[in-house]
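**Student:** Have a look at this one before I ask anything.
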Amino acid sequence: MSNHTLPGSYHSELVDTRAFLALDEHAASLRALFLVVLVWGMWRAWRFTIYPSLHPNEPKELPYLIPFLGHGVAFFQDSNGLLARGRKHFAKANEPFALTAFGHTFYVITHAKQSAEVYKNTEALSFEEFVQKLMRVNGSDEATIKNVYSPLPSDKPGFPNPDGLSMGVLAQRMHIHQLFPGDNMAVLQEKARHWINRQVSFDAIARDCGRYATTDSKDASIQLPLYKWTSDYFVQLGQYVYFGDVLAQVDPTYPQSYMVFDELLWKMLYQYPAVLCRDMTNPRDRMMASLRAYFRLPPSERRDQAAWIINTMEDEMKAIGVDDENLAIIVFHLYFAINTNARKTSFWMLSYLLRNPSDLAAFRAETAPAFKGDELSDISYITDTAKCPRVDAIWHETLRLSGWAASVRLVTRDVVIGAKTLRRGNRVMVPHRLLHFDEGVFGADTASWRPDRWLESDAARKLPSSASWRPFGGGKTKCSGRFLAKFFVTAFVATMLRRFDMEMVGEPPMPQPDIGRPVLGIISVKQGGDYMVSIKKRRDGGEGEGVKS
Ligand code: HEM
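Taking full-length UniProt numbering, the leading residue of the sequence shown gets 1, the next gets one more, and so forth.
And the structure:
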């Protein structure tokens, strides 16, 4: 071998070796890829073909491509779109189906009859797990959670407990005692009536909304961002009804902190890591501190103004040893239940009415007898279905289109629903929206806002008692505030329409719902979807001028 050939042959050997190695690597990659595809194919076949055929009694699963991730991305982006796809995929089966996202399996109930089975079965399907999780996320310690959910003697003093329930479950009965139609609810309605009469006035709005409203003295109008404004007003209303003026004196910025928190609540529901959700936890922690300060005030300075439920909750929780810190967390959840949904419902209702002038006029005309001059005087008129059937239809239609929640229960032991076995440890969900968009029940044009669908036949007038109608959930935990919510929203809208002419500024499109963020009831508006409305005192309303519409 010459000196020349040596390096050359060495080089060519090197090339050969490299080529060989490269080929080898290539073959190894191919082998690895083949193995991955093989394992993936086996997993797919097992998960979506073999396992279901071996377990025909379990709900079939909506197929997905990537193990563990499942439908996680679609679930985050548009959970209702995903659920609707699932329902379509299994349309023929008419039975619960399963859906996996981030390693968690949910059973999805899309048929009204099966949803009734879910709501009825409180033995095997637990709602408490969800409340306990919320308590934990918001800072309750395990000892308190255990204490609050341990059965109490049936002869305990205080609020009657004939069934020996835990305080956590007994609280549902306390809510009902406060919020179902009767004397106790009337106390709250009277407070709300007083507040609405005082605050929904031109001068109060011009004064209180100075930070975002503009007034035009030329045509005596105020321009307001509708979502921001209705939210602001409703949270103040809910707070006043439950705490009087006292909580506002302890913390004048409480409603503002609440609104920031409420719009970011989805981070809590998705359990974001602490560093990524300070914008949500900071206002929450401020509110917790203010509630603790509220309960530390001498009782004589606060209890007279508080709703029965707030005082009773305090007495009952303290009687079982719950401290101020944990009491604040429990009452914080109550504040949330009162305020999160009514504010958004009033926004959506006004948004639909402003785009449907004949319905707006009908709402105004129908509610006129509840007023003396400009004062809302009758607390029962507007929510009376016989006297205000169109208002009732507008209420239902607004909830049908803006209710975006799902009832979720933990399966605590294997249970059969819709002839399928749901396995312990998974969750079952009833997505309200899928029921509300059932064309077989609500008609072909379910995407349109059409209050007539609730009025046009005997069957239509029975829709509110149908099992397909679930904006408030169902069973024992069905929203106990639903009667008061209807009063809050319809009395507020009626007073607005009684006192003001209201117009949209420009021609804003119907705002879009923020479908990517989960809610516990009514959907939020997509960022940038708020729009300006202009209000002016009505010329034809007012004291002594009779009722015109
Ligand atoms: C349009 C407005 C409202 C909507 C759509 C709504 C919806 C709901 C929903 C979906 C639930 C969960 C039910 C379940 O999963 O079983 C719930 C629970 C609850 N809501 Fe409402 N709600 C509204 C207004 C109110 C108001 C104004 C109050 C109080 C004044 C209130 C008080 C409650 C309470 C206390 C619970 C817990 C029930 C329990 O565990 O006993 N809600 N609500």
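Just so you know, even glycine gets a beta-carbon here, dropped at the ideal spot from N, CA and C.
Note that this is a predicted model, so its numbers are computed, not measured.
When the Cα atoms are used, what is the spatial distance from Gly475 to Lys120?
**Tutor:** As a position in the sequence shown, residue 475 is number 475, starting the count at 1. As a position in the sequence shown, residue 120 is number 120, starting the count at 1. Between Gly475 and Lys120, the C-alpha separation is close to 6 Å.
**Student:** May I have a chain-ordered list of the alpha helix (DSSP H) segments no shorter than 4 residues that lie completely inside the stretch 17-73?
**Tutor:** Correct list: 51-54.
**Student:** State yes or no: is the C-beta of Arg482 nearer than 8 Å to some heavy atom of the ligand HEM?
**Tutor:** Indexing the sequence shown from 1 puts residue 482 at position 482. Yes, since a heavy atom of the ligand HEM falls inside the 8 Å radius drawn around the Cβ of Arg482.
**Student:** Under the rule that 16 or more other beta-carbon atoms within 10 Å means buried, what is Phe488, buried or exposed?
**Tutor:** Reading the sequence shown from its first residue, position 488 is the one you call residue 488. Buried, because 16 or more other Cβ atoms sit within 10 Å of the Cβ of Phe488.
**Student:** How big is the Cα-Cα spacing for Leu170 and Asn161?
**Tutor:** Numbered from 1 along the sequence shown, position 170 holds the residue referred to as residue 170. Numbered from 1 along the sequence shown, position 161 holds the residue referred to as residue 161. C-alpha separation (whole angstroms): 7 Å.
**Student:** Looking only at its chain, what residues have a beta carbon closer than 8 Å to the beta carbon of Gly542, apart from the 5 residues adjacent to it on each side?
**Tutor:** Within the sequence shown, residue 542 is the residue found at index 542, counting from 1. At Gly542, the pLDDT of 47 sits below 50, so the modelled position is not reliable and the matter cannot be decided from this model.
**Student:** Is the beta carbon of residue 610 sitting closer than 9 Å to the one on Gln239?
**Tutor:** Past the boundaries of the shown model lies residue 610; the chain is included only from 1 to 549, so the question cannot be answered.
**Student:** Roughly how many angstroms separate the alpha carbons of Gly440 and Arg292, rounded to a whole number?
**Tutor:** Your numbering for residue 440 matches position 440 in the sequence shown. Your numbering for residue 292 matches position 292 in the sequence shown. The straight-line gap from Cα to Cα measures roughly 50 Å.
**Student:** Beta-carbon within less than 6 Å of Asp232's beta-carbon, same chain only, minus the 5 sequence neighbours each way: which residues are those?
**Tutor:** Here residue 232 refers to the residue found at position 232 of the sequence shown. No residues qualify anywhere along the chain.
**Student:** For Ser221, write down the residues that DSSP places opposite it in a beta bridge.
**Tutor:** Residue mapping note: residue 221 aligns to position 221 of the sequence shown, counting from 1. According to DSSP, which records beta bridges pairwise, Ser221 is partnered with Asp216 and Lys536.
**Student:** Tell me whether Glu366 is buried or exposed, calling it buried when 16 or more other Cβ atoms sit within 10 Å of its Cβ.
**Tutor:** Here residue 366 is taken as the residue at index 366 of the sequence shown, counted from 1. Buried, by the Cβ-count rule.
**Student:** In three-state terms, what does DSSP make of Tyr107?
**Tutor:** One-based indexing of the sequence shown puts residue 107 at position 107. If DSSP states are grouped into helix, strand and coil, Tyr107 belongs with the strands.
**Student:** Would you call the CB atoms of Met287 and Lys267 closer than 9 Å?
**Tutor:** In the sequence shown, the residue the question calls residue 287 occupies position 287. In the sequence shown, the residue the question calls residue 267 occupies position 267. Their beta carbons are not under 9 Å apart, which means Met287 does not touch Lys267 by this criterion.
**Student:** What is the DSSP secondary structure of Gly481, counted as helix, strand or coil?
**Tutor:** The residue given as residue 481 occupies position 481 in the sequence shown. Here Gly481 sits in coil by DSSP.
**Student:** For Asp514 and Ser358, I'd like the C-alpha separation in whole angstroms.
**Tutor:** Residue mapping note: residue 514 aligns to position 514 of the sequence shown, counting from 1. Residue mapping note: residue 358 aligns to position 358 of the sequence shown, counting from 1. Their Cα atoms are separated by approximately 28 Å.
**Student:** The ligand HEM heavy atoms versus the CB of Gly244: any closer than 8 Å?
**Tutor:** Taking the sequence shown and counting its residues from 1, one reaches residue 244 at position 244. No, the beta carbon of Gly244 sits no closer than 8 Å to any heavy atom of the ligand HEM.
**Student:** Heavy atom of the ligand HEM less than 8 Å from the Cβ of Ser468, yes or no?
**Tutor:** Numbered from its first residue, the sequence shown carries residue 468 at position 468. Checking every heavy atom of the ligand HEM against the Cβ of Ser468, none is found closer than 8 Å.
**Student:** In whole angstroms, what separates the C-alpha of Arg284 from that of Phe261?
**Tutor:** Stepping through the sequence shown from its first residue, residue 284 is reached at position 284. Stepping through the sequence shown from its first residue, residue 261 is reached at position 261. The straight-line gap from Cα to Cα measures roughly 6 Å.
**Student:** Which same chain residues end up closer than 7 Å to Arg296 when comparing Cβ atoms and leaving out the 5 residues on each side of it in sequence?
**Tutor:** The count along the sequence shown starts at 1 and reaches residue 296 at position 296. So the qualifying residues of the chain are Asp324.
**Student:** Among Phe102, Asp78 and His111, whose alpha-carbon lies nearest the alpha-carbon of Ala93?
**Tutor:** Start at 1 with the first residue of the sequence shown, and residue 93 comes out as number 93. Of the candidates Phe102, Asp78 and His111, the one whose C-alpha sits nearest the C-alpha of Ala93 is His111.
**Student:** Are there 16 or more other CB atoms within 10 angstroms of the CB of Gly544, so buried, or fewer, so exposed?
**Tutor:** To locate residue 544, count along the sequence shown from 1; it is residue 544. Confidence in Gly544 is poor, its pLDDT being 34 and thus under 50, which makes the residue's placement unreliable; the coordinate value appears in the next sentence. Looking at its Cβ environment, which holds fewer than 16 other Cβ atoms inside 10 Å, Gly544 is exposed.
**Student:** In or out: Gly516 buried (at least 16 other Cβ within 10 Å) or exposed?
**Tutor:** What you label residue 516 is simply residue 516 of the sequence shown in a count that begins at 1. Exposed is the call here.
**Student:** Count the other CB atoms within 10 Å of the CB of Asn3; is the residue buried (16 or more) or exposed (fewer)?
**Tutor:** Within the sequence shown, numbered from 1, the residue matching residue 3 stands at position 3. Below a pLDDT of 50, predicted positions are generally treated as unreliable, and Asn3, at 45, falls in that range; the measurement from the model is reported next regardless. Exposed, since its Cβ has fewer than 16 Cβ neighbours within 10 Å.
**Student:** In angstroms with no decimal places, state the Cα-to-Cα distance between residue 558 and Arg427.
**Tutor:** Absent from the model: residue 558. The displayed extent of the chain is 1 to 549, so no value can be given.
**Student:** Bridge partners of residue 613, per DSSP?
**Tutor:** There is no way to answer for residue 613, as the model of the chain reaches only from 1 to 549.
**Student:** Inspect the beta-carbon positions of Phe68 and Gly103 and report whether they are closer than 9 Å.
**Tutor:** Counting from one through the sequence shown, the residue named residue 68 turns up at place 68. Counting from one through the sequence shown, the residue named residue 103 turns up at place 103. Contact: yes.
**Student:** Is Ala116 near the ligand HEM - that is, is its Cβ less than 8 Å away from at least one heavy atom of it?
**Tutor:** Against the sequence shown, residue 116 aligns to sequence position 116. No, since every heavy atom of the ligand HEM falls outside the 8 Å radius drawn around the Cβ of Ala116.
**Student:** Using the beta-carbon count (16 or more within 10 Å), is Met510 buried or exposed?
**Tutor:** Within the sequence shown, the letter at position 510 stands for residue 510. Exposed, since its Cβ has fewer than 16 Cβ neighbours within 10 Å.
**Student:** Please state whether DSSP places Thr340 in a helix, a strand or coil.
**Tutor:** The count along the sequence shown starts at 1 and reaches residue 340 at position 340. Helix at Thr340.
**Student:** Whole angstroms is fine: what's the gap from Val131's alpha carbon to Ser79's?
**Tutor:** On the sequence shown, residue 131 is found 131 positions in, with the first residue counted as 1. On the sequence shown, residue 79 is found 79 positions in, with the first residue counted as 1. Roughly 21 Å separates the two Cα atoms.
**Student:** Would you say Ile109 reaches chain D, if we count a Cβ-Cβ gap shorter than 9 Å as a contact?
**Tutor:** Although the question refers to chain D, the structure presented lacks it and comprises just one protein chain.
**Student:** Under the three-state reduction of DSSP, which class applies to Tyr531: helix, strand or coil?
**Tutor:** Here residue 531 refers to the residue found at position 531 when the sequence shown is read from its first residue. Coil.
**Student:** Could you pull the start and end residues of the alpha helix (DSSP H) that Phe500 belongs to?
**Tutor:** Residue numbering aside, residue 500 sits at position 500 when the sequence shown is read from its first letter. Segment Phe500 to Met504 is the beta strand (DSSP E) holding Phe500; no alpha helix (DSSP H) there.
**Student:** Can you grab the Cα-Cα spacing for the pair Gly537 / Phe492, in whole Å?
**Tutor:** Indexing the sequence shown from 1 puts residue 537 at position 537. Indexing the sequence shown from 1 puts residue 492 at position 492. It is worth fixing the name first, because residue 537 is Lys in this sequence and not Gly. When rounded, the distance between both Cα atoms is 16 Å.
**Student:** Can you list, in chain order, the residues of its chain with a C-beta nearer than 7 Å to that of Val391? Leave out the 5 residues immediately preceding and following it.
**Tutor:** For the purposes of this step, residue 391 is identified with residue 391 of the sequence shown, where counting begins at 1. Around Val391: Phe363, Glu366, Thr367, Ile382 and Thr490.
**Student:** Are the stretch 525-533 and the stretch 399-413 in contact at 8 Å, needing three or more beta carbon pairs?
**Tutor:** Too few Cβ pairs lie closer than 8 Å, so no.
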